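Quick notes on the structure that follows.
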Amino acid sequence: MLERYRDLLPVTDRTPMVSMGEGGTPLLRSRSIEKDLGLKALYFKLESLNPTGSFKDRGMVLAIAKAVEDGAQAVICASTGNTSASAAAYAVRHGLKAYVIVPDGHIAMGKLAQAAVHGADIVQMAGSFDDALTVVRDLATRHPVALVNSVNPYRIEGQKTGAFEIVDELGDAPELLCIPVGNAGNITAYWRGFEEYFRLERASQRPQMWGFQAAGAAPIVLGHPVANPETIATAIRIGNPASWTQAIDARDRSGGRICAVTDEEILDAYHRLASEEAVFCEPGSAASVAGLIRQHREGADLSGKTAVCIITGNGLKDPDTALGVQANIRRSEADIASVERALGWS
1314 MLERYRDLLP
1324 VTDRTPMVSM
1334 GEGGTPLLRS
1344 RSIEKDLGLK
1354 ALYFKLESLN
1364 PTGSFKDRGM
1374 VLAIAKAVED
1384 GAQAVICAST
1394 GNTSASAAAY
1404 AVRHGLKAYV
1414 IVPDGHIAMG
1424 KLAQAAVHGA
1434 DIVQMAGSFD
1444 DALTVVRDLA
1454 TRHPVALVNS
1464 VNPYRIEGQK
1474 TGAFEIVDEL
1484 GDAPELLCIP
1494 VGNAGNITAY
1504 WRGFEEYFRL
1514 ERASQRPQMW
1524 GFQAAGAAPI
1534 VLGHPVANPE
1544 TIATAIRIGN
1554 PASWTQAIDA
1564 RDRSGGRICA
1574 VTDEEILDAY
1584 HRLASEEAVF
1594 CEPGSAASVA
1604 GLIRQHREGA
1614 DLSGKTAVCI
1624 ITGNGLKDPD
1634 TALGVQANIR
1644 RSEADIASVE
1654 RALGWS
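Count along the sequence shown starting at 1, add 1313, and that's the number in this note's numbering.
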């Protein structure tokens, strides 16, 4: 990714071009939901197939490379999960120490396990993600550690390459880009990427940016911070997004919208993606699809439009949600006749 788009990224001859194969994620065409919504085409951008299972790798590869370029020996982040997993992995590749601060009880275990197995020092802090981010921003000014949250501008620069890839594969920008909104760095990054390609005449249009927050963690929708955000979508359980202003700018300049979806709508989209599209994602990812479905239900005319939904993280990140699905499992004895009966074939 760094090599492919180096002419559009802030890299120098001193930037270590260490990669784990991030970027180049597929655009999967919908086989079911597209028809239900009357779209010309619907694609899922499977950022869940990045090396650590989320979109965070796009920004982290650049943020940590630049930290190494600047002489850093350690990195630190606050995280709801995916950032910690990515930071810990890329720190290992560069031989750095990773420090991770997570909100106690508000992180999916799959993500915490990733950071732990990569050897990060982890502190589970009382309070919310927003509290943790406030603390790490202060720590980064007091100690010799590089902050690699999305307030680090290199994170946004790396993540904008997702927009480049969409245009490169489709031949132009889609009419609609649907994306979950938590800390709001990703909607900021995608809009920057589409704008840059448009200015370079590599795209003839820019999409409307449709961002979706969980109803229990929807500060941008409500117009004020949420002190105690709550949602099953832990990746976007954020009450005071660091990139709030930039997300509003992306929404307004694109003629888009930022709306809320309920946990029930998120889980419905989560199940539909898995059972109808063969896409297993974490609940936060499903917010992009849940939001698109809700907009159609509320009267948005999608006919003739191409939409791309960003699938931000892998379903294995949040095994508890997956294990809550009612599985169609039956027992049988160890013989053909018993298995046939269990299958309903006899």
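The beta carbon of each residue, even a glycine, is placed where N, CA and C say it ideally should be. Given the structure is predicted, the values throughout are model-derived calculations rather than measurements.
Are there 16 or more other CB atoms within 10 angstroms of the CB of Thr1454, so buried, or fewer, so exposed?
exposed
Is the distance from the Cβ of Cys1390 to the Cβ of Ala1380 below 8 angstroms?
Not closer than 8 angstroms, so no.
Output needed for Thr1328: all residues of its chain with C-beta closer than 7 angstroms, excluding positions within five of it in sequence on either side, in chain order.
Ala1378, Lys1379 and Glu1382
Are the Cβ atoms of Lys1358 and Ile1624 separated by less than 8 angstroms?
Against a cut-off of 8 angstroms, the Cβ pair of Ile1624 and Lys1358 comes out as a contact.
Assign His1456 to buried or exposed, taking buried as 16 or more other Cβ atoms, counted over all protein chains shown, within 10 Å of its Cβ.
exposed
Return the residue from the list Ala1426, Pro1416 and Thr1396 that minimises the CA-CA distance to Val1436.
Pro1416
Quick check: Ala1599 and Leu1586, are their CB atoms within less than 8 angstroms of each other?
yes
So, helix, strand or coil for Asn1627, using DSSP?
strand
Using the beta-carbon count (16 or more within 10 Å), is Asp1565 buried or exposed?
exposed
Under 8 angstroms by Cβ, that's how I've got Ala1560 and Ile1551 pegged, so tell me the actual separation to the nearest angstrom.
With a Cβ gap of about 11 angstroms, Ala1560 and Ile1551 do not count as contacting.
Helix, strand or coil, according to DSSP, for Leu1498 in the structure here?
Sequence inspection shows Gly at residue 1498; the Leu mentioned does not correspond to that position. Three-state DSSP puts Gly1498 in a helix.
Exposed or buried, Ile1649, counting other C-beta atoms within 10 Å across all chains shown (16 or more means buried)?
exposed
Roughly how many whole angstroms lie between the Cα atoms of Gly1432 and Arg1406?
12 angstroms
Going residue by residue through the region 1503–1558, where are the continuous alpha helix (DSSP H) segments of at least 4 residues, counting only ones entirely within it?
1532–1535
Could you compute how far the alpha carbon of Arg1505 sits from the alpha carbon of Cys1491?
Going from the Cα of Arg1505 to the Cα of Cys1491 covers about 15 angstroms.
For Phe1442 and Gly1617, what's the separation of their Cα atoms in angstroms?
40 angstroms
Please list the terminal residues of the continuous beta strand (DSSP E) segment that includes Ala1411.
Lys1410 to Pro1416
What does a CB cutoff of less than 7 angstroms around Val1520 pick up in its chain, not counting 5 residues either side in sequence?
For the sequence presented, residue 1520 should be read as Pro rather than Val. Answer for Pro1520: Ala1486, Pro1487, Glu1488, Leu1489, Leu1490, Phe1507 and Ser1567, listed in chain order.
Residues in its own chain within less than 8 angstroms of Glu1590 by CB, not counting five upstream and five downstream?
Leu1341, Ser1343, Arg1344, Ser1345, Ile1346 and Phe1357
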